[in-house]
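Right, one structure below, let's go through it.
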Amino acid sequence: MNEREIFEWLKEVEHPAQGDRNIVDLGIVDSVVVGDGRVTVTLAFPKRPDPLKNYLVGAARSAIYRHAPGGTEVEVETIVKDPAPKKKTVNDLTLEGLANVRHIIGIASGKGGVGKSTVAVNLAVALARQGFKVGLADADVYGPSVPIMTDTEGATPEIEPADGTDWMVPIEKFGVKWMSIGYFAQPGQALIWRGPMACNALKQMILQVKWEDLDFLLVDMPPGTGDIHISLVNDIPLEGAVIVTTPQDVALADVEKGVDMFRNKNINRPIFGLVENMAWFTPEELPDNRYYIFGKDGGRRMAEHFGLELLGQIPIVQSIRESGDAGEPAALSSRPDGLAFLELASRLVAAVNG
Ligand SMILES: Nc1ncnc2c1ncn2[C@@H]1O[C@H](COP(=O)(O)OP(=O)(O)OP(=O)(O)O)[C@@H](O)[C@H]1O
Ligand SMILES: [Mg+2]
Numbered sequence: 027m028n029e030r031e032i033f034e035w036l037k038e039v040e041h042p043a044q045g046d047r048n049i050v051d052l053g054i055v056d057s058v059v060v061g062d063g064r065v066t067v068t069l070a071f072p073k074r075p076d077p078l079k080n081y082l083v084g085a086a087r088s089a090i091y092r093h094a095p096g097g098t099e100v101e102v103e104t105i106v107k108d109p110a111p112k113k114k115t116v117n118d119l120t121l122e123g124l125a126n127v128r129h130i131i132g133i134a135s136g137k138g139g140v141g142k143s144t145v146a147v148n149l150a151v152a153l154a155r156q157g158f159k160v161g162l163a164d165a166d167v168y169g170p171s172v173p174i175m176t177d178t179e180g181a182t183p184e185i186e187p188a189d190g191t192d193w194m195v196p197i198e199k200f201g202v203k204w205m206s207i208g209y210f211a212q213p214g215q216a217l218i219w220r221g222p223m224a225c226n227a228l229k230q231m232i233l234q235v236k237w238e239d240l241d242f243l244l245v246d247m248p249p250g251t252g253d254i255h256i257s258l259v260n261d262i263p264l265e266g267a268v269i270v271t272t273p274q275d276v277a278l279a280d281v282e283k284g285v286d287m288f289r290n291k292n293i294n295r296p297i298f299g300l301v302e303n304m305a306w307f308t309p310e311e312l313p314d315n316r317y318y319i320f321g322k323d324g325g326r327r328m329a330e331h332f333g334l335e336l337l338g339q340i341p342i343v344q345s346i347r348e349s350g351d352a353g354e355p356a357a358l359s360s361r362p363d364g365l366a367f368l369e370l371a372s373r374l375v376a377a378v379n380g
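Shown next as structure tokens:
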């Protein structure tokens with residue numbers, strides 16, 4: 027194995043936020059040194075933090091391990107180098123608004139109505155309760171739920187022009203920064219978008235926002251697994267995803283679509299785990315009873331089937347629906363359902379840092 031070969035291997039590592047150009051062509055690979063069963067690669071990143079830096083370091087290491095003879099030691103170092111002038115990416119938006127966001131995580135599902143927005147909103151609140159700086163982008167341009175679930179309907183994000191971009195300032199409540207296309211629609215007005223417009227609108231909800239310093243930015247993805255998703259995952263530097271499902275066996279096929287969306291070779295982003303929503307029903311007056319109305323352990327079986335961690339099980343309880351409708355997320359409470367979301371948040375943090 028020689029330097030030239032290793033450069034070839036590293037061309038398999040694409041930068042998802044740079045139109046999938048590989049790290050060699052992008053000039054990120056600064057140097058490769060080979061000797062004594064040991065490969066040392068240096069990746070150069072601009073001063074502005076690249077949210078995908080850790081991902082690219084890991085991907086570069088895996089690419090070399092894939093090809094190198096067994097036992098080769100691989101070291102990937104990073105240095106800071108002044109960037110070439112920044113190119114505008116998505117409809118003339120840069121990734122600048124995400125510069126100080128450490129983890130961008132998509133909350134996805136194979137199909138609609140499984141409680142994805144409920145999980146996303148409560149996860150955001152639970153992370154904030156644990157002291158993290160959190161934002162949530164409601165990328166469901168067809169049916170934005172964040173304004174209702176947080177009782178921020180009618181709030182209007184301020185616009186701050188800077189560097190030729192009109193930055194939207196997120197709405198802050200419960201210690202979370204919220205952004206939703208719902209803030210730009212008249213209450214009750216149906217949002218009708220054609221494919222490409224929907225796609226651009228939702229990218230704006232993520233890229234044209236003044237998030238500032240965040241530990242976690244959660245993206246409530248639109249339901250389904252279509253072109254919009256692929257394009258979103260390509261243009262937004264999602265670090266990985268969480269998949270929400272209900273426990274029925276028939277949901278397996280939907281989860282598979284969701285899993286494929288992130289694991290297919292063009293996207294290849296980690297899935298931090300599965301959340302089983304509506305895992306059992308607990309009536310308010312019998313808080314210790316569990317009725318497995320969609321079947322027991324479906325989530326656990328699915329997680330095993332796909333080799334995913336089961337990050338959490340959220341019961342169906344009336345208070346989750348009611349608190350969603352009332353705009354007072356369940357994760358604010360110390361009821362069992364609130365604690366379930368706090369535990370989910372802890373597991374996610376561990377999975378992301380793991
Ligand atoms: N664990 C739960 N217990 C009780 N009600 C729940 C639970 N999870 C979700 N719901 C309720 O189910 C409905 C659908 O949930 P939600 O809007 O979160 O689903 P979604 O997957 O985001 O849907 P969509 O695909 O339309 O975006 C809401 O009324 C919500 O309050
Ligand atoms: Mg939703």
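Going by the working numbering, the sequence shown opens with residue 27, and the numbers climb by one from there. Just so it is clear, CB atoms sit at the ideal spot from N, CA and C, and this is done for glycine as well.
Proximity winner among the options, relative to residue i (alpha-carbon distances)
i	options	result
T144	M175, Y209 and G84	M175
V301	L78, Q44 and G141	G141
E101	G266, E335, S345 and R87	R87
L243	A371, E31, I49 and D46	A371
G169	T98, N260 and G139	G139
W306	I90, E369, G284 and G324	G324
A165	D246, T182 and Y317	D246
V268	I207, V285 and L368	V285
P341	T308, L365 and I256	T308
R289	V259, E238 and C225	V259
G321	A277, I256, A377 and G180	A277
S254	D261, T271, C225 and P95	The sequence given here places Ile at residue 254; Ser does not occur at that position. The option with the nearest alpha carbon to I254 is C225.
M27	S345, A181, E198 and A94	A94
I262	G123, P72, E34 and K107	G123
G180	Q230, E198, Y209 and S360	Y209
Coil, strand or helix - residue i by DSSP
i	result
S57	strand
L264	coil
M194	strand
F158	coil
K203	strand
N226	helix
W237	coil
N148	helix
I105	strand
R64	strand
F33	helix
H129	strand
F320	coil
E186	strand
E122	helix
A356	helix
G376	Reading the sequence as shown, one finds Ala at residue 376 and not Gly. Helix.
Within 8 angstroms, strictly: CB atoms of residue i and residue j
i	j	result
V151	A352	no
L240	V160	yes
W204	Q234	no
E311	V343	no
A125	R74	yes
G132	L264	yes
I105	T68	yes
G299	E330	no
V58	V65	yes
P187	P196	no
A70	L36	no
G350	R373	no
I256	I207	no
Rounded straight-line distance, which links the Cα of residue j to that of residue i
i	j	result
A134	G190	32 angstroms
V172	V147	7 angstroms
G136	Q274	13 angstroms
P42	N48	9 angstroms
D62	R30	16 angstroms
D76	L82	10 angstroms
T98	R92	11 angstroms
P362	P355	13 angstroms
G380	I297	12 angstroms
G84	T178	39 angstroms
G45	G250	23 angstroms
D314	M328	25 angstroms
A110	L121	Legend: pLDDT at A110 = 49, less than 50; position of this residue unreliable, no value from coordinates given.
D4	M287	A question about residue 4 goes unanswered here, because the residues of the chain that appear run from 27 up to 380.
K114	I232	Note on K114: pLDDT 47, under 50, position unreliable in the model; no value is reported.
V375	G333	19 angstroms
D51	N80	19 angstroms
H129	K236	16 angstroms
Extent of the continuous beta strand (DSSP E) run through residue i
i	result
N303	I297 to F307
R361	Segment: none, R361 is in no beta strand (DSSP E) and carries neither H nor E.
L336	L336 to I342
A211	Here A211 belongs to no beta strand (DSSP E), and DSSP marks it neither H nor E.
Contact test: residue i Cβ vs ligand 3 heavy atom, cutoff 7 angstroms
i	result
P249	This structure lacks ligand 3; the ligands present are ligand 1 and ligand 2.
Range covered by the alpha helix (DSSP H) that runs through residue i
i	result
I293	Segment: none, I293 is in no alpha helix (DSSP H) and carries neither H nor E.
H93	K79 to H93
P173	V172 to M175
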